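Q: Quick note: the sequence shown uses the numbering used here, first residue 14, plus one each step.
My questions will all concern the structure given below.
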Amino acid sequence: MRAIIFVALSFFTSQCLAAPIPGKELYRAPAMSQVSFSPDSRFIAAVTVVEGKRNLSLIGTKGDIYQDILAIDSNYQLQEYLWIDSSTIYLDYTVKGTVRKALLNLLEKEGNISSEFIALPSSGYIVDPLN
């Protein structure tokens with residue numbers, strides 16, 4: 014009986030060996046990173062990589078929208094982005110080592126999302142005057 018159990022276990026363990034994961038697959042860039050929900054939870058923004066190209070993409074939480082809203086050039090490094098409100102994203106990025114800031118206004122028409130890129134001055138703050 015012990016011999017039959019030994020043979021059966023030997024057979025099953027030899028069939029369960031996995032092939033090693035190649036280094037290229039193990040260390041490749043993730044398909045999606047820096048994921049963030051909009052304040053109203055309608056959208057998910059994320060940095061996506063498709064065919065080697067990086068984009069800031071907008072994904073509808075109901076599965077109805079998937080759209081690239083900003084192409085990220087290889088000279089640009091997106092440090093962070095923050096939702097200001099449900100239609101505005103604040104961007105903090107560098108271009109060849111120079112820190113820059115911008116706003117990305119999202120415009121929705123007939124189910125399509127477009128974006129307007131507004132570069133901010135390098136010195137100054139985003140302030141809403143008190144009235």
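All C-beta atoms in this analysis are idealised placements derived from N, C-alpha and C, irrespective of residue type, glycine included.
As the structure is a computational prediction, the values presented were derived from the model and not from experiment.
Spell out the partners DSSP gives Arg-113 in its beta bridges.
A: Against the sequence shown, residue 113 aligns to sequence position 100. Tyr-106, per the DSSP bridge assignment.
Q: For the structure I just gave you, are there three or more beta carbon pairs, one from the segment 70-79 and one from the segment 48-61, closer than 8 angstroms?
A: Cβ pair count under 8 angstroms is three or more, so yes.
Q: Which residues bound the alpha helix (DSSP H) around Glu-64?
A: Stepping through the sequence shown from its first residue, residue 64 is reached at position 51. Looking at the DSSP string, Glu-64 is not in any alpha helix (DSSP H), and its letter there is neither H nor E.
Q: Looking only at its chain, what residues have a beta carbon closer than 6 angstroms to the beta carbon of Ala-132, apart from the 5 residues adjacent to it on each side?
A: Position 119 of the sequence shown, counted from the start, is the residue given in the question as residue 132. Excluding sequence neighbours, Ala-132 sits near Ala-115.
Q: Quick one: grab the DSSP three-state call for Gln-93.
A: Numbered from its first residue, the sequence shown carries residue 93 at position 80. In the sequence as displayed, the identity of residue 93 is Glu instead of Gln. Of the three classes helix, strand and coil, the one that applies to Glu-93 here is strand, per DSSP.
Q: Would you give the residue range spanned by the alpha helix (DSSP H) that Glu-129 belongs to?
A: In the sequence shown, the residue the question calls residue 129 occupies position 116. It is not in any alpha helix (DSSP H) - Glu-129 instead sits in the beta strand (DSSP E) that spans 125-132.
Q: Is the number of C-beta pairs between the segment 93-105 and the segment 116-135 that are closer than 8 angstroms three or more?
A: Contact holds: three or more Cβ-Cβ distances are below 8 angstroms.
Q: Please state whether DSSP places Gly-73 in a helix, a strand or coil.
A: For the purposes of this step, residue 73 is identified with residue 60 of the sequence shown, where counting begins at 1. Strand, per DSSP.
Q: Gln-47 to Asn-125, Cα distance in whole Å?
A: Translated into positions along the sequence shown, residue 47 becomes position 34. Translated into positions along the sequence shown, residue 125 becomes position 112. The straight-line gap from Cα to Cα measures roughly 23 angstroms.
Q: Less than 8 angstroms between the beta carbons of Tyr-106 and Leu-91, yes or no?
A: Along the sequence shown, one-based indexing puts residue 106 at 93. Along the sequence shown, one-based indexing puts residue 91 at 78. Taking 8 angstroms as the Cβ cut-off, Tyr-106 and Leu-91 qualify as a contacting pair.
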